[in-house]
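Each protein sequence line maps, in turn, to chains A and B. Take any residue in the first sequence, note its place counting from 1, add 540, and you have its number in my numbering. Take any residue in the second sequence, note its place counting from 1, add 540, and you have its number in my numbering. Think of the CB as a built atom: it goes at the ideal place given N, C-alpha and C, for glycine as much as any other residue. Have a look at the structure below before the remarks.
Number of protein chains: 2
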Amino acid sequence: MTQPSPSSHYDTLTKHFQTISHFEHLSALGDWDQATMMPVGGSAARGAAMAELAKHIHELKTAPFLADTLQLAQDEMLTREQAANLKEMNYQFFQANVIPASLVKAKTELAYRCEHAWRDQRKNNDWQGFRPNLEALMALVKEEANIRSQAQGLSPYDALLNKFEPGMTTEHLESVFGHLKTWLPSLIQRVQHKQTGEHRFNIDSCSSQAQETLGREVMDFLGFDFTQGRLDVSSHPFCGGVPGDVRLTTRYDESDFTSALMGVIHETGHARYEQGLPINWRGQPAGHARSMAIHESQSLFCEMQLGRGSGFLSHLQPQIAKHLGSQLSTEQLTNIYTRVNPGLIRVDADEITYPCHVLLRFEAEKGLIDGSLSVADLPEFWAQQMSSLLGVNTQGNFKDGCMQDIHWAVGELGYFPSYTLGAMYAAQFRFAMETSLGSVDTLVAQGDIAQIFEWLEQKIWSQGSLLSTDELVKQATGETLNPDYFKRHLEQRYLK
Amino acid sequence: MTQPSPSSHYDTLTKHFQTISHFEHLSALGDWDQATMMPVGGSAARGAAMAELAKHIHELKTAPFLADTLQLAQDEMLTREQAANLKEMNYQFFQANVIPASLVKAKTELAYRCEHAWRDQRKNNDWQGFRPNLEALMALVKEEANIRSQAQGLSPYDALLNKFEPGMTTEHLESVFGHLKTWLPSLIQRVQHKQTGEHRFNIDSCSSQAQETLGREVMDFLGFDFTQGRLDVSSHPFCGGVPGDVRLTTRYDESDFTSALMGVIHETGHARYEQGLPINWRGQPAGHARSMAIHESQSLFCEMQLGRGSGFLSHLQPQIAKHLGSQLSTEQLTNIYTRVNPGLIRVDADEITYPCHVLLRFEAEKGLIDGSLSVADLPEFWAQQMSSLLGVNTQGNFKDGCMQDIHWAVGELGYFPSYTLGAMYAAQFRFAMETSLGSVDTLVAQGDIAQIFEWLEQKIWSQGSLLSTDELVKQATGETLNPDYFKRHLEQRYLK
Chain A
541 MTQPSPSSHY DTLTKHFQTI SHFEHLSALG DWDQATMMPV GGSAARGAAM
591 AELAKHIHEL KTAPFLADTL QLAQDEMLTR EQAANLKEMN YQFFQANVIP
641 ASLVKAKTEL AYRCEHAWRD QRKNNDWQGF RPNLEALMAL VKEEANIRSQ
691 AQGLSPYDAL LNKFEPGMTT EHLESVFGHL KTWLPSLIQR VQHKQTGEHR
741 FNIDSCSSQA QETLGREVMD FLGFDFTQGR LDVSSHPFCG GVPGDVRLTT
791 RYDESDFTSA LMGVIHETGH ARYEQGLPIN WRGQPAGHAR SMAIHESQSL
841 FCEMQLGRGS GFLSHLQPQI AKHLGSQLST EQLTNIYTRV NPGLIRVDAD
891 EITYPCHVLL RFEAEKGLID GSLSVADLPE FWAQQMSSLL GVNTQGNFKD
941 GCMQDIHWAV GELGYFPSYT LGAMYAAQFR FAMETSLGSV DTLVAQGDIA
991 QIFEWLEQKI WSQGSLLSTD ELVKQATGET LNPDYFKRHL EQRYLK
Chain B
541 MTQPSPSSHY DTLTKHFQTI SHFEHLSALG DWDQATMMPV GGSAARGAAM
591 AELAKHIHEL KTAPFLADTL QLAQDEMLTR EQAANLKEMN YQFFQANVIP
641 ASLVKAKTEL AYRCEHAWRD QRKNNDWQGF RPNLEALMAL VKEEANIRSQ
691 AQGLSPYDAL LNKFEPGMTT EHLESVFGHL KTWLPSLIQR VQHKQTGEHR
741 FNIDSCSSQA QETLGREVMD FLGFDFTQGR LDVSSHPFCG GVPGDVRLTT
791 RYDESDFTSA LMGVIHETGH ARYEQGLPIN WRGQPAGHAR SMAIHESQSL
841 FCEMQLGRGS GFLSHLQPQI AKHLGSQLST EQLTNIYTRV NPGLIRVDAD
891 EITYPCHVLL RFEAEKGLID GSLSVADLPE FWAQQMSSLL GVNTQGNFKD
941 GCMQDIHWAV GELGYFPSYT LGAMYAAQFR FAMETSLGSV DTLVAQGDIA
991 QIFEWLEQKI WSQGSLLSTD ELVKQATGET LNPDYFKRHL EQRYLK
């Protein structure tokens, strides 16, 4: 690699990370295309090309000159924002270098085999088949956690959390989730008791095309810029692409439009965050989204704070009627989208019961990493927790129990808390913006949605990773994470 | 770059060229996406990412170890096919290294500016604006031609031809095109004289969707494998992607289906060649298509030898009627698709007058490179040639004269002959296969098309670049390029 003659070490670094970003652009394109466009015959060559690309990106992120240059740049005169960018560069360098290549390779290969087998094992409720794979994979995850722990001076589980939520600790999560545990189960019961409205409706079948037209109109209402992104179809909805070209996907169920519609609203939240990241920092680590929880806060803001609110649904109702020929009233739509129904599956859970699924996984992951829970005891632990948190029975039902998520099957621990942190941040942002904008629900009902997104753009999106999560949230709302807002939101929506 | 410990220098090279191929896969994906899917907002980041990728591919192709390793591999025991692969590696290495980086950069930048300005200048018939840009660009093209000439021991124009047609010479082309010149203008006149059938038809407007459905059915009939490719829309039709995932495009004119339909047939010819390249050589230089003329021979085989033949059109007629509600008979379709009408524009030209457009450009390019024709004299030269070859007047009409093609505006000389060579090879292949298969037109009329493509697959596609063009054509047809078959084909079709 030839070095340019830079005016500073920091400049050398920005050029290098810009180069990395160009290759990551191609990686995002390859991923998106694979999920949406690629015919099956393309898969072997694509797999090989993507592996080559990943290897090249890893080489760039571990380039030998980086260690010294990152060190030397620390002593240069930098603006506050440049210093933040340098911090993120250090973080990326650390992430790419901390785990020895041999362990990365072993874990990647085992995770690939474990996931592949899991797809069938889950279908067949085959816990005995899955268990040894998961045990072998957990051993490598623990090894990873220990290496990260030593390098960062964090506990092993904190080190895993920090892959997704820099700065988050088990202690903090225990306090937040502990608080949640004191009121959520009883709230669920009260809501179920109170919930009397009709909840089964005849939903006429709607063509994918009509649903897509509606979806695009809703995206447009939510301010999605189609000159900077696309909507397509994939079997697992996601939001990909790059900031100037954000590509979200959904899947259509022609017998029930409600799921794809809310899915599009959710992904549009992710997409607007990406579209709103600071243009001046594009291609630099500081220009990336802050964390998984903040990302999820934006999708859940769209889905939960806006999308399932009656103001939004009253605005949507005529559009649904027009495009889908649906007879559902705003009240009926609200009943559908705020129905509380404790169930076995996390991804199908409603807004109130969802955090219970996360609580359970958080407790399990802590135990798996600190050794207080063995893989063998996982199903029993799962059944007890599901029973006590949600009153549902998963005894013997592994496929809808501890085998339901892909995360563990690929050896990814530490991610689950981000979902509920995101829901909490979303509520906190809404209450904060209401101090200046007034009721969000009222604004949305009037179609007056632009200022809501201006608030998010100014306070969250345009900040990229220039601030830590705590700084970001404090600057936006006056305080760091405060789960009371989430409670208030749920009480307002479900008990009023 | 870390070197593996290979069993031989040749093995080292195959690994290295495999790596290059992975990055070229990403380049093909980026190009296709840019033309078909990318929203306008993605263009800046994509441009930068693609430039970074091109730079990386160039670095790989000019890696310092290659010169010695290519040399050392020459002395290793190689199979005939490995030796052919090594020859193609040497050719790629030569192409990537022959022009100094400073000239590549200067030409790329000037070509970009020249093309950008040309888009408006052409619209405005602004020859005076275009001329100085073209003069500046021609100076760099001559510099490139001289460098290539010295490196290869070829004349400067031969060196440019060899970028697209390895082994082709000006002398050979002069003989082939000289022959053409003796009979083509009079053939055109005879056909025009003879041509009496109706040629203006009311073509009902057809939706893009209906045309696409028809296009897919025709692709299917032509053996295109949709598990290994796609059909999409772009403003300039092309065939891209990679062998296991070939992506062709078209554009639909809802007021006239005939153009998109023949466009799809043409691109399907390119696509089947790519899909049929030797699987064992994927990712290696010997696995690539042989040359531009051979590629064009496959598209023109589909379009001219099959697509515009009455057998094919009789097979197509009921499908057109079914999908587009068209009332056109096979005879009317044949009249449309074989109408001869000398005109100003190459890309709109019919099968018989097309070579005249190529002849003119070949003569002009030779003159521009050897200095016997100046850019300033180009319009006059153009007008004289068009008048004598086709009897049409381009005096003062620069935009439909020497400003009509993008090739020169981007400094690409030496490509045009490939189009007509392709047409000639296509005719030669058809006559050769008819010695064993009988009349192609009859087979197609019966829908019995598989053996035609088996012949092409066996003789052409599966050969990749394992043979030189002359060897390939001789092995397939018993002789090297023989333009008599093209003449015979045109006389059969247009004078019978």
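For this session: Could you tell me how far apart the beta carbons of Arg812 of chain A and Arg787 of chain A are, in whole angstroms, since I believe they sit closer than 8 Å?
Result: As a first step, residue 812 of chain A must be located in the first sequence, where it is residue number 272. As a first step, residue 787 of chain A must be located in the first sequence, where it is residue number 247. So it is not a contact: roughly 13 Å between Cβ atoms.
Exercise. Would the C-beta of Phe717 of chain A count as close to the ligand HEM, meaning under 6 Å from any of its heavy atoms?
Worked result: The ligand HEM is absent from the structure shown, which contains no ligand whatsoever.
Problem set entry | Listed by chain order, chain A residues near Pro579 of chain B by CB distance under 7 Å | Along the second sequence, one-based indexing puts residue 579 of chain B at 39. Phe766, Thr767, Gln768, Gly769, Arg770, Asp785, listed in chain order.
Exercise. What residues in the stretch 815 to 845 of chain A have a beta carbon less than 9 Å from any beta carbon of chain B?
Worked result: From the stretch 815 to 845 of chain A, only Gln815, Arg822, Gly823 have a Cβ closer than 9 Å to chain B.
Exercise. Among B:Thr710, B:Glu974, B:Gln661, which residue has its Cα nearest to the Cα of Gly941 of chain B?
Worked result: Residue mapping note: residue 941 of chain B aligns to position 401 of the second sequence, counting from 1. Closest by alpha carbon: B:Gln661.
Problem set entry | Reduced DSSP category for Val950 of chain A - H, G, I as helix; E, B as strand; rest coil | Locating residue 950 of chain A in the first sequence gives position 410, where the first residue counts as 1. Coil.
Exercise. Where do the ends of the alpha helix (DSSP H) carrying Leu724 of chain B lie?
Worked result: Mapped onto the second sequence, residue 724 of chain B falls at position 184. Its alpha helix (DSSP H) spans residues 710 to 734.
Exercise. When the Cα atoms are used, what is the spatial distance from Gly827 of chain A to Thr808 of chain A?
Worked result: As a working mapping, residue 827 of chain A is identified with position 287 in the first sequence. As a working mapping, residue 808 of chain A is identified with position 268 in the first sequence. In a straight line, the C-alpha of Gly827 of chain A is about 19 Å away from that of Thr808 of chain A.
Exercise. When we look at the beta-carbon of Gly937 of chain A and count the other beta-carbons within 10 Å, is it buried (16 or more) or exposed?
Worked result: As a working note, residue 937 of chain A is residue 397 in the first sequence. Looking at the sequence shown, residue 937 of chain A is not Gly but Asn. When all chains shown are included, Asn937 of chain A counts as buried.
For this session: Would you mind telling me which residues of chain B sit closer than 7 Å to Asp940 of chain A, beta carbon to beta carbon, in chain order?
Result: Taking the first sequence and counting its residues from 1, the one referred to as residue 940 of chain A is at position 400. Here the premise fails: no neighbours, minimum Cβ distance about 34 Å.
For this session: Tell me whether Arg812 of chain A sits in a helix, a strand or coil according to DSSP, three-state version.
Result: Walking along the first sequence from the start, residue 812 of chain A turns up at place 272. If DSSP states are grouped into helix, strand and coil, Arg812 of chain A belongs with the helices.
Problem set entry | Per-residue contacts from Asp1010 of chain A into chain B (C-beta, under 9 Å) | Looking up residue 1010 of chain A in the first sequence gives position 470. Under the 9 Å cutoff, chain B gives no residues; its nearest Cβ is about 30 Å from Asp1010 of chain A.
Exercise. From Leu754 of chain B to Gly978 of chain B, what does the alpha carbon distance come to, in whole angstroms?
Worked result: As a first step, residue 754 of chain B must be located in the second sequence, where it is residue number 214. As a first step, residue 978 of chain B must be located in the second sequence, where it is residue number 438. Cα-Cα distance, rounded: 28 Å.
Exercise. For Leu566 of chain A versus Ala636 of chain B, is the C-beta spacing smaller than 7 Å?
Worked result: Mapped onto the first sequence, residue 566 of chain A falls at position 26. Mapped onto the second sequence, residue 636 of chain B falls at position 96. Not a contact, by the Cβ cut-off of 7 Å.
Problem set entry | Which of helix, strand or coil DSSP assigns to Thr790 of chain B | Numbered from its first residue, the second sequence carries residue 790 of chain B at position 250. Three-state result, Thr790 of chain B: strand.
Exercise. For Gly669 of chain B, does the three-state DSSP call read helix, strand or coil?
Worked result: In the second sequence, the residue the question calls residue 669 of chain B occupies position 129. Three-state DSSP puts Gly669 of chain B in a helix.
For this session: Could you work out which residue in B:Asp573, B:Val887, B:Glu714, B:Leu724 is closest to Tyr1034 of chain B when comparing CA atoms only?
Result: Taking the second sequence and counting its residues from 1, the one referred to as residue 1034 of chain B is at position 494. Checking every option, the nearest Cα to that of Tyr1034 of chain B belongs to B:Leu724.
For this session: Rank A:Gln1032, A:Gly1018, A:Met943, A:Ser1005 by C-alpha distance to the C-alpha of Asp981 of chain A and give the top, closest one.
Result: As a working note, residue 981 of chain A is residue 441 in the first sequence. Answer by Cα proximity: A:Gln1032.
Exercise. Going by DSSP, which residues form a beta bridge with Val773 of chain A?
Worked result: For the purposes of this step, residue 773 of chain A is identified with residue 233 of the first sequence, where counting begins at 1. Partner(s): A:Thr790.
For this session: State yes or no: is the C-beta of Thr893 of chain B within less than 7 Å of the C-beta of Val580 of chain A?
Result: Locating residue 893 of chain B in the second sequence gives position 353, counting from the first residue. Locating residue 580 of chain A in the first sequence gives position 40, counting from the first residue. No, the pair does not count as a contact, with Cβ atoms beyond the cut-off.
Exercise. Apart from the five residues just before and just after Asn1022 of chain B, which ones in its own chain have a Cβ nearer than 7 Å to its Cβ?
Worked result: Within the second sequence, the letter at position 482 stands for residue 1022 of chain B. Answer for Asn1022 of chain B: Gln968, listed in chain order.
For this session: List the endpoints of the continuous alpha helix (DSSP H) containing Cys654 of chain A.
Result: Position 114 of the first sequence holds residue 654 of chain A. Cys654 of chain A -> alpha helix (DSSP H) spans 641 to 663.
For this session: Could you tell me the boundaries of the beta strand (DSSP E) in which Cys842 of chain A lies?
Result: For the purposes of this step, residue 842 of chain A is taken as the residue at position 302 of the first sequence. Looking at the DSSP string, Cys842 of chain A is not in any beta strand (DSSP E), and its letter there is neither H nor E.
Exercise. For Asp785 of chain B, which residues does DSSP report across the bridge?
Worked result: Here residue 785 of chain B corresponds to residue number 245 of the second sequence, with the count starting at 1. DSSP, once it has assigned bridges, lists B:Val782 as partnering Asp785 of chain B.
Exercise. Does DSSP put Ile909 of chain A in a helix, a strand or coil?
Worked result: Reading the first sequence from its first residue, position 369 is the one you call residue 909 of chain A. Helix at Ile909 of chain A.
Exercise. Of all the CB atoms in chain A, is at least one closer than 7 Å to the CB of Val782 of chain B?
Worked result: As a working note, residue 782 of chain B is residue 242 in the second sequence. Yes, because at least one Cβ of chain A sits closer than 7 Å to the Cβ of Val782 of chain B.
For this session: Quick one: residues in its chain with C-beta nearer than 8 Å to the C-beta of Ala963 of chain A, no 5 flanking neighbours on either side, listed in chain order?
Result: Looking up residue 963 of chain A in the first sequence gives position 423. Here the set comprises Glu836, Ser837, Leu840, Met844, Glu891, Tyr894, Pro895, Phe1026.
Exercise. In chain order, what residues of the stretch 587 to 598 of chain B put their CB closer than 7 Å to some CB of chain A?
Worked result: Cβ contacts with chain A: Ala588, Ala589, Glu592, Leu593.
Exercise. For the stretch 602 to 622 of chain B against the stretch 911 to 924 of chain B, are there 3 or more C-beta pairs whose distance is under 8 Å?
Worked result: no
For this session: Could you list which residues in chain B have their beta carbon closer than 7 Å to that of Ala584 of chain A, in chain order?
Result: Position 44 of the first sequence, counting from 1, holds the residue named residue 584 of chain A. Gly784, listed in chain order.
For this session: Assuming Gln872 of chain A contacts Phe741 of chain A (C-beta within less than 8 Å), just tell me the rounded distance between them.
Result: Mapped onto the first sequence, residue 872 of chain A falls at position 332. Mapped onto the first sequence, residue 741 of chain A falls at position 201. Indeed, because the Cβ distance is near 6 Å, the residues count as touching under 8 Å.
Exercise. Where does Arg822 of chain A sit, in a helix, a strand or coil, going by DSSP?
Worked result: On the first sequence, position 282 is the one that residue 822 of chain A refers to. Coil.
Problem set entry | As assigned by DSSP and simplified to three states, the class of Phe557 of chain A | Taking the first residue of the first sequence as 1, we reach residue 557 of chain A at position 17. In the structure shown, Phe557 of chain A sits in a helix (DSSP, three-state: H, G or I).
Exercise. Taking all protein chains shown into account, do 16 or more other C-beta atoms lie within 10 angstroms of the C-beta of Thr602 of chain B, making it buried, or fewer, making it exposed?
Worked result: Translated into positions along the second sequence, residue 602 of chain B becomes position 62. When all chains shown are included, Thr602 of chain B counts as exposed.
Problem set entry | Three-state secondary structure (DSSP) of Ala889 of chain B | Taking the first residue of the second sequence as position 1, residue 889 of chain B is located at position 349. Residue state, collapsed to three classes: coil.
Exercise. Leaving out five residues before and five after Thr878 of chain A in sequence, what residues of the same chain have Cβ atoms less than 8 Å from its Cβ?
Worked result: Translated into the one-based positions of the first sequence, residue 878 of chain A becomes position 338. Closer than 8 Å at Cβ, skipping near neighbours: Arg848, Asp890, Glu891, Arg1033, Tyr1034.
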